[in-house]
Structures are given as structure tokens and as C-alpha cells.
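Asker: In the working numbering, the protein residues as written are 23 to 232.
Backbone N, C-alpha and C fix where the C-beta goes; we use that ideal spot for every residue, glycine too.
Below: one structure in C-alpha cells.
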């Protein structure tokens with residue numbers, strides 16, 4: 023389920039919209055597989071219609087149902103969890119019925135770090151730790167796909183935002199030779215006492231603004 027574009031601000035674009043890494047399903051999927059294997063073993067190793075066997079079969083069936091529901095619940099949570107990078111902010115949103123989330127303006131992001139164990143690096147998963155100037159200070163996002171690439175994308179979007187907002191202004195042009203000559207003449211008049219300092223500043227300002 024993609025992040026709703028109706029929630030974007032004017033002129034805001036999405037650079038990345040993703041769900042958690044598939045490793046997010048590891049626990050419930052592993053539990054369900056284990057329950058199925060246990061059911062096969064129980065069916066193969068027990069005989070007869072005794073009460074003990076029935077109780078064991080019902081217990082295994084209940085275990086499979088519970089783990090299947092756990093996996094379904096995890097899927098619903100996965101499909102409604104979005105980590106979004108836009109041209110202006112970072113957005114994390116999750117929840118099937120009750121929604122929760124966090125938004126961090128790119129201009130307030132101070133540092134972006136990622137963490138991967140050796141196993142997570144093999145899977146292409148990891149955590150992101152974002153330090154910002156907000157009230158929370160630090161925000162950790164787990165099960166991020168290719169966190170190093172996401173880190174680079176965040177830095178790229180921050181740079182683009184900085185440029186759009188005039189972070190790199192063009193250097194001012196140097197005064198022309200004619201203006202320079204007139205300024206030198208004014209300085210000479212000031213040194214000789216022909217004009218007052220106030221008159222010098224006024225004339226200098228007029229020349230530089232022209």
C-alpha cells in the first residue's frame with residue numbers, strides 16, 4: 023500500500039516509498055513452519071484414537087492456527103508500514119486501524135547513521151538512526167532495506183533542498199574599474215578633509231548600489 027499522495031504538501035515529491043525488509047516476517051513465518059513440521063511428526067508418530075493423541079492433535083492444530091494468525095497480522099502491519107523520503111521530509115507511518123507515525127523535516131536532520139550485523143548485511147537489511155533537532159532527538163527505524171543506499175538518498179535530498187532554498191548563493195561581482203577609481207577619489211577627498219565621513223559613506227553607498 024503506497025503512501026497517499028494526498029498527504030503531500032504543495033510541490034512536494036516522493037523520492038522513496040518502501041515497506042520493511044522481508045526479514046520482518048522471519049519470526050511468525052518460522053513459528054508457522056515449526057508448527058507444521060510438528061504436526062507432521064505428530065501425525066506420523068502417533069497411532070490410534072486415544073484421548074492423549076486427540077489432545078496432542080488439537081494442541082498442534084491450535085498452534086498452527088495461532089502462528090498463521092500471527093503471520094497474517096504481521097503482513098497487515100507490513101503492508102501498512104511506510105518509510106518515505108520526500109523532497110522536504112522523512113515520514114514513517116504504520117498501523118492498520120489506529121495510525122501512528124513520525125515526520126522529520128530534512129532541514130532539521132543533523133546526522134544519519136546505519137547499523138548492520140554481518141547476517142543483515144548478507145540479507146540487505148539493517149537499521150537507520152536519524153538524529154534531528156526535534157523533540158525526540160534520535161529516531162531508530164528497523165528492518166530498512168539497503169540502509170546504506172537509503173542513507174545516501176537522504177543526504178542527496180538534503181543537498182537538493184539546501185540548493186532550492188538558496189544555500190549556495192552566487193558570489194557578488196567585484197566593483198568595476200570605474201567604480202573603483204571613483205572610490206579612490208572619494209578616499210582622497212576624505213583624507214584631505216574636503217568631505218566629511220558622513221558624506222563619504224553616503225557617496226560610497228550610492229556608487230556600490232548603482
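Check residue 187 in the structure and name its three-state DSSP category.
Answerer: Residue 187 sits at position 165 when you count from the first residue of the chain shown. Note: residue 187 maps to coil in three-state DSSP.
Asker: Buried or exposed for residue 57, please, with buried defined as at least 16 other CB atoms from any protein chain shown within 10 angstroms of its CB.
Answerer: The sequence position of residue 57 within the chain shown is 35, counting from 1. Flag for residue 57 reads buried.
Asker: Express the C-alpha separation of residue 217 and residue 211 in angstroms, rounding to a whole number.
Answerer: Reading the chain shown from its first residue, position 189 is the one you call residue 211. Reading the chain shown from its first residue, position 195 is the one you call residue 217. Distance between the alpha carbons of residue 211 and residue 217 is about 6 Å.
Asker: Which same chain residues end up closer than 6 Å to residue 60 when comparing Cβ atoms and leaving out the 5 residues on each side of it in sequence?
Answerer: Within the chain shown, numbered from 1, the residue matching residue 60 stands at position 38. Within the same chain, residue 60 has close Cβ partners 82.
Asker: Please state whether the Cβ-Cβ distance between residue 170 and residue 160 is less than 7 Å.
Answerer: Along the chain shown, one-based indexing puts residue 170 at 148. Along the chain shown, one-based indexing puts residue 160 at 138. It is not a contact, given that the beta carbons lie outside the stated cut-off.
Asker: Considering only residues of the region 62-108, which uninterrupted alpha helix (DSSP H) runs meet the minimum length of 4 residues and lie entirely inside it, listed in chain order?
Answerer: Listed in chain order, they are 73-101.
Asker: Taking 7 Å as the cut-off, decide whether the C-beta atoms of residue 136 and residue 173 are in contact.
Answerer: Mapped onto the chain shown, residue 136 falls at position 114. Mapped onto the chain shown, residue 173 falls at position 151. Going by C-beta atoms, residue 136 is nearer than 7 Å to residue 173.
Asker: Assuming residue 47 is part of the beta strand (DSSP E), what are its boundary residues?
Answerer: Sequence index remark: in the chain shown, residue 47 carries index 25 (1-based). First-last for residue 47: undefined, no H or E at that position.
Asker: Please state whether DSSP places residue 164 in a helix, a strand or coil.
Answerer: Mapped onto the chain shown, residue 164 falls at position 142. Residue 164: strand per DSSP, three-state reduction.
Asker: What does the alpha-carbon distance come out to for the pair residue 117 and residue 67?
Answerer: As a first step, residue 117 must be located in the chain shown, where it is residue number 95. As a first step, residue 67 must be located in the chain shown, where it is residue number 45. Going by the C-alpha atoms only, they are around 42 Å apart.
Asker: If you count every other CB in all the chains shown that lies within 10 Å of the CB of residue 95, and 16 or more means buried, which is it?
Answerer: Taking the first residue of the chain shown as position 1, residue 95 is located at position 73. Classification of residue 95: exposed, given that the 10 Å Cβ count is below 16.
Asker: Mind checking which residues open and close the beta strand (DSSP E) that includes residue 40?
Answerer: On the chain shown, position 18 is the one that residue 40 refers to. Unbroken beta strand (DSSP E) run through residue 40: 36-40.
Asker: Measure the C-alpha to C-alpha separation of residue 176 and residue 54 and round it to an integer number of angstroms.
Answerer: Residue mapping note: residue 176 aligns to position 154 of the chain shown, counting from 1. Residue mapping note: residue 54 aligns to position 32 of the chain shown, counting from 1. If you take the alpha carbons of residue 176 and residue 54, they lie about 37 Å apart.
Asker: Would you kindly check if the distance between the Cβ of residue 108 and the Cβ of residue 23 is under 7 Å?
Answerer: One-based indexing of the chain shown puts residue 23 at position 1. One-based indexing of the chain shown puts residue 108 at position 86. No, they are not a contact pair.
Asker: What span of residues does the beta strand (DSSP E) with residue 131 cover, start to end?
Answerer: Position 109 of the chain shown, counted from the start, is the residue given in the question as residue 131. Run containing residue 131: 131-137, per the beta strand (DSSP E) assignment.
Asker: Note down the Cα distance separating residue 187 from residue 111, rounded to an integer number of angstroms.
Answerer: By 1-based counting over the chain shown, the position of residue 187 is 165. By 1-based counting over the chain shown, the position of residue 111 is 89. Cα to Cα, residue 187 sits roughly 14 Å from residue 111.
Asker: What span of residues does the beta strand (DSSP E) with residue 112 cover, start to end?
Answerer: Residue 112 sits at position 90 when you count from the first residue of the chain shown. Looking at the DSSP string, the run of the beta strand (DSSP E) that includes residue 112 is 111-116.
Asker: Residues in the same chain with beta-carbon distance under 7 Å from residue 127, minus the five sequence neighbours each way, listed in chain order, please.
Answerer: Within the chain shown, numbered from 1, the residue matching residue 127 stands at position 105. The residues are 110, 111.
Asker: Could you tell me which residues DSSP pairs with residue 149 in its beta bridges?
Answerer: On the chain shown, residue 149 is found 127 positions in, with the first residue counted as 1. Residue 149 pairs with 137.
Asker: Classify residue 165 as buried or exposed, calling it buried when 16 or more other Cβ atoms lie within 10 Å of its own Cβ.
Answerer: If you number the chain shown from 1, residue 165 lands on position 143. Buried, by the Cβ-count rule.
Asker: How would you label residue 104, buried or exposed, when you count the other beta carbons within 10 angstroms and need 16 or more for buried?
Answerer: In the chain shown, counting from the first residue as 1, residue 104 sits at position 82. Classification for residue 104: buried.
Asker: Please identify the residue among 129, 48, 37, 65 whose C-alpha is closest to the C-alpha of residue 89.
Answerer: For the purposes of this step, residue 89 is identified with residue 67 of the chain shown, where counting begins at 1. If we check each option's Cα against that of residue 89, 48 comes out closest.
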